[in-house]
Structure formats: structure tokens, C-alpha cells
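In UniProt numbering, the protein residues as written are 1 to 667.
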């Protein structure tokens, strides 16, 4: 018989069934009744059983060799998008939820892990800071705006027809083996078919996001103590406004609400009820984010925050000093609407009209000798000054006055010029006021510019917000925050992955090889004779052995070259974890791989994670085969011996009369 399985054809030879068929289906040219001994029947049965075993063993070995390949979405080559900065109260969403005050029950917050995550981009150049988040199994990477004013984390969905062209490919649910839609229930708004929960968010600058809610594994990067965790997020189907045009993929919601990523982790008892943000300075960018608690600096300035006042993180601001002189304002001016709100997703600071007028006047009085110039955008009336030919930020504190935020507790928070000024984008050596009137809105909105080079701790468990002036690029070293640092080399995993006790941890994925398509800004004819040198450079940068990196498929694209790089584990029996694999991809996407100038610039175009190839259990198959051959030969030999003995046996006729055989008559 012939069996087709997948792309393979398997022929099963009836090695031990043929002798049996000669007796059961053949023509007996004798009228004598034949009775087979039980011993012979047993031998034939053994032969048949062994042949069936061989068939299923071979079938198993074929199926074991077939792997389902999970492919991460293709990251197309894109030009950087310029994000327009609008002087508007960004991300001040129209939400009026009553948020319960969360506290951990029966858990020591100091013993809980935290997630340390890097921040990227620049507040003034991009309009936001982003962090990297990985969703799904295998993980798909996204650059998400860090927003303490949003309560939902969302990314563009694969079938979104009204989503912009962003930094990374859209999320593809069908590629994630752990993806699950959030089914329609009484606690959510449902789609038209009443099958899946949906969300919708509108922001004050007229941008919006809506889509469906889903649950999947979320990974926090290779510097996190947190293992990948299941969380609910939004899969976008519609984007409008800035959310459509921005380069970042979506938003990571850190606000106070059931769908907030912080709330979900706290509710599961995974982190303590706090997080920290530290935005880089004017000339530095980047920074750090910490989900969960850690040991705060002793000289951190804390102020009360009332979670019952609004879903936003507010502070008890009562006044402002400029150059040591307090503005002549009633403290209630900062208490309108939602109060004084910290919103990391907002670029600038917005004060109630009366407070802004007093602040602008006080600053201009202190810098009256400076030449006032037009702002970078003719659509807005910015307050800008030409300082000098020098563009050194460290000199600003000698030119612009100090500013202090006064709290109800009597403590104050000192701001440097980079916390209320931004660099003019068109005039060298010029700076503009980064504080604007909030027009009809009576809320005091303090955006990211106010907290540059400042560690801000949102201690939600104790209803406090803390401020600590620091260099955010050195935060981990200054605070001695422990994390899970990137591995110095790729793990070897000497133990069998199937027997590895950690293989059952949530979110741990076994990856057999990593394929990366990289575009270099050099000609292919120039690159070909240097391909071995480039391969060694990549292996050195990744801190792996040279044989683990293979470069191939050089394709010319004008003056550029597209190459395929494959990274494999150090041993055939080992694998990469998803943390290691995403770390390798991140080093390319964040341009942490340093190459000599002769190789030009590079860009990661596409990447793919493939699972380990399941090894065929050859030893078992061979052993079964040997046993089958031995038993089969023994059975066949026994049958031959028995047949020879039967030739001398005289059979008695069944009936006294023997009927002669008749020839068939021709038709």
C-alpha cells in the first residue's frame, strides 16, 4: 500500500503479509481441507504487527521533522517621518472615570520585581518619548509613546485600513499563537456583531484612536525583571489626526484605569503600585522608565496627588517663583478643572491664562536685554530670544532665571531653563518659551518639557508624586537599580530544551534561528569581497562566535545592498529565548551595532524568528527496525522449515470420490 503524508510519499512493503495472503486468498488446487498450525499463525501475526510498527514509526519520524514556522511581520524600509509639533494641549482626553485607590493585599512591595525600560526619541524633535514593547508569540515589536494621561495601550491592527505609516509593521494576530480576542461582555462596549469588546479614545488636539480589545503576551525587554505577561491591549482599526501621522506605532497607557498597563500588572500582584519616568535633557534625549517600585533617593521632593480628583496624575501646586520672586496669583488659579496635571504625553506646559500672563511677564523682565525674535512656526506667536552664537545648553542657567514650583506642603521643586525653554529650530543660538496659555481650559497641564532630566515617581500606592533632579541617561548607575542586563553572550542552554524546567514559564519561546534582512548604503560589487569581514564584525558586535552568523543573498538595490543574516545557536541542540532574540533585533532597530564607515549606514528591513527543528528520534526508529528485521527473518525462517516438513505429509481426501478439475470453457 502507498500512503501520502504532506509532501512525502511512504511505501509500505507487505514484507510479512505476503506469505499469509498466499493461503488466505490463493486458489487451492486440491479438494483436501487444510488446517494451519497455531504456531505458524502466531508467527505471521507477529510479522504483521511488526510491519505496522515500522509503518507508524516511519510516519512519526516524518511528522516530527515538520515545523510550523512563526514569522514576525515584515518591516518595510521606510523614510523617517517628521512629526509636526502643534502648540496644543496634547492627549488631554475627555475621560471622567472614578478610579478606585489600589493597594496591594498581602504582598511586600519591596520584594516584587520591576521592569526597567529604555526611552527613545526626543521630546522636542519628535514631540514625544517612546519605549519598546513586544506583543505576541513570537513577539512583534512596537515603538509606543509613553503617556501617563492615557489609560489604554494600543497598536495598529493588521486589517486597519485607516492607520498611518508608522515605524514598525502592524500587529498581526494570526502570527501569534497566544492571541485571544476579548469577547463581548457586560463590562465593555461591543462591536456591531456583539462578539468582541471595543475601545475608543479622543484627545483634545482632535486626534483619536478606536479598535478592538484583545489579550496576548506582552514582553518588556531584556532589562526587565518581569517575565512576559498576559495583558489586554487595543488593536487599532481607525486612527485620526496626530496619531495617524506620527512615526511612533501607538501609545503605552500608564494612566489610572482598568485597562492601564500599570493597573493590570498591579491587579495581578506582579509589581508594586508605582512607576517612574526619567526624560533625557535638551541635548541628550532618551531616558528610562521603571514599572514597579524601587528605593527612592532620600532627597526626592514629594507632593500629594489626589486619585479621587480625576483620572489624571495631579499635584497640589499652589504657586510659582521666578528668579526667587513669587508670582502675584491666587493659589486657586492652579486648582481649576482637573487641577495641576502631569502628562508625559504632552510636549509643553500649559497654564491658565492669568498664570501664563504673569509667568511670561516675569521671565521677560529678567531677560529684557536679550533680542526678541519670531518663533519657528509662523502660525504661532512664540516668545523667543536670540541668546548668542554659542549653542551650549549649560550656559542657559546664566542667562535665563530660575523657576520654582511651590507645593501645599511648603516644599518647592526647582526648574532649570531646559524645563521651560526649547531650542529654536531655525535660528542658531536662539531659544523659545515652552509654556503657553491653556485658553478656555482652566487645567494646569505640565508636559514632558517640565520634567526633562528629572526622575518623576508616581507613587500611586501612597498617593504621592516625587521629583528628583538627575541625569536621566545615568539613572540606573546613580540609583543602583537592578535589572536583567543584556546577556554578554548568547545562552548555550546545554540542557535539553524539552527537559528544561524553565521551558514551561509563561512567554518563554524556543527560537531555533533568527533571520534578519539588512540594507546597507554601499554597492553590492563593493560589498561582495568584504562579506567575510562584515560577518566577523556582526558576530563581534553581537558577542557570538563567528560560525553563528551567516551572510547570504546579496541583492543590489541601486546604490544600496540588501543582505540576509542568519544567527544560529552555538550548538545544534540549543535554542534562543525570546528575550535574547528580541534583544538582537533591538540592537539593530536602535542602531546599537557599530560598523566602520566603509560599510555605510544600515537599516533593519525585516526579521523572522524560526522555532528549533524537532529532531527525529533516529535511535528509536533504528532499534525498532532492527527488532522488526530479526523477528521478521525468524518468522520467515520458521515458515520455510515448516513448509519443507509439510512436503512429506500425506493428506487424506475429504471425500471418497475425487472430483477431477475441469478446464475453463472458452467464452
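Using N, Cα and C, we set each Cβ at its ideal position, and we do this for glycine too.
Residue environment, residue 407, which counts as buried when at least 16 other CB atoms sit within 10 Å: buried
Distance, residue 538 Cα to residue 680 Cα: Not covered by the structure: residue 680. The range shown for the chain is 1 to 667.
Taking the Cβ atom as the reference point for each residue, do residue 472 and residue 177 lie within a distance shorter than 8 Å? Not closer than 8 Å, so no.
Could you give the distance in angstroms between the alpha-carbon of residue 552 and the alpha-carbon of residue 238? Roughly 39 Å separates the two Cα atoms.
Rounded straight-line distance, which links the Cα of residue 293 to that of residue 470: Straight-line Cα distance between these residues: approximately 18 Å.
Three-state secondary structure (DSSP) at residue 675? Because the chain spans 1 through 667 in this model, residue 675 falls outside it and cannot be assessed.
Taking the beta strand (DSSP E) that residue 200 belongs to, which residues open and close that run? 197–202
Is the beta carbon of residue 584 sitting closer than 8 Å to the one on residue 542? Cβ distance < 8 Å, so residue 584 and residue 542 count as in contact.
With respect to the beta strand (DSSP E) encompassing residue 322, which residues constitute its N-terminal and C-terminal limits? 317–322
Nearest to residue 136 by alpha carbon, out of 115, 596, 214? 214
Roughly how far, in whole angstroms, is the beta-carbon of residue 600 from the beta-carbon of residue 520, given that I think they are within contact range, below 8 Å? 5 Å
Reference residue 528, options 367, 409, 598, 399, closest by Cα: Measuring from the Cα of residue 528, the nearest candidate turns out to be 598.
Sufficient close CB pairs (3 or more, under 8 Å) joining the segment 221–231 to the segment 259–266: Yes, since at least three Cβ pairs between the segment 221–231 and the segment 259–266 fall closer than 8 Å, the two stretches touch.
Range of the contiguous alpha helix (DSSP H) that encloses residue 436: Here residue 436 belongs to no alpha helix (DSSP H); instead the beta strand (DSSP E) covers 435–437.
Using only alpha-carbon positions, find the residue among 593, 189, 132 that is nearest to residue 116. Here the closest residue by C-alpha is 132.
Can you tell which of 512, 629, 291, 193 has its C-alpha closest to the C-alpha of residue 146? 291
Rounded distance between the beta-carbons of residue 189 and residue 198, thought under 8 Å: 5 Å
Proximity below 8 Å, CB of residue 415 to CB of residue 278: No; because the gap between Cβ atoms is not below 8 Å, this pair is not in contact.
Between the C-alpha atoms of residue 150 and residue 388, what's the straight-line distance to the nearest angstrom? 39 Å
What residues are listed by DSSP as bridge partners for residue 403? 322, 415
Opposing strand residues paired with residue 212 [DSSP bridges]: 198, 235
Would you kindly check if the distance between the Cβ of residue 434 and the Cβ of residue 348 is under 8 Å? Judged by their CB atoms, residue 348 and residue 434 are nearer to each other than the 8 Å cut-off.
So, with DSSP's three-state summary, where would you put residue 608? strand
Applying the criterion that 16 or more other CB atoms from any shown protein chain within 10 Å of the CB defines a buried residue, is residue 333 buried or exposed? buried
Identify, in the order they occur along the chain, each residue of the same chain with its Cβ nearer than 6 Å to the Cβ of residue 113, setting aside the five sequence neighbours on each side. 225, 226
Under a three-way DSSP split, which group does residue 172 fall into? In this structure, residue 172 counts as coil in the three-state DSSP scheme.
Leaving out five residues on either side along the sequence, give the residues of the same chain with a beta carbon under 6 Å from the beta carbon of residue 342. 313, 446
Quick check: the Cα distance between residue 536 and residue 432, rounded to an integer number of angstroms? 48 Å
Using the Cβ count rule (16 or more neighbours within 10 Å means buried), how would you classify residue 547? exposed
Quick one, which of 144, 254, 152, 208 has its alpha-carbon nearest residue 162's? When 144, 254, 152, 208 are compared, the shortest CA-CA separation from residue 162 is found for 208.
Check the DSSP bridge columns for residue 465 and list the partner residues they point to. In the DSSP output, where bridge partners are listed per residue, residue 465 has 303, 458.
What residue range does the beta strand (DSSP E) around residue 135 cover? 130–135
Beta-carbon within less than 7 Å of residue 336's beta-carbon, same chain only, minus the 5 sequence neighbours each way: which residues are those? 352, 442, 443
Any idea which residues DSSP pairs residue 518 with across the strands? Residue 518 pairs with 563, 604.
At what residues does the alpha helix (DSSP H) containing residue 440 begin and finish? That residue, residue 440, is in no alpha helix (DSSP H); it is neither H nor E in DSSP.
Within this structure, are the beta carbons of residue 148 and residue 270 separated by less than 8 Å? no
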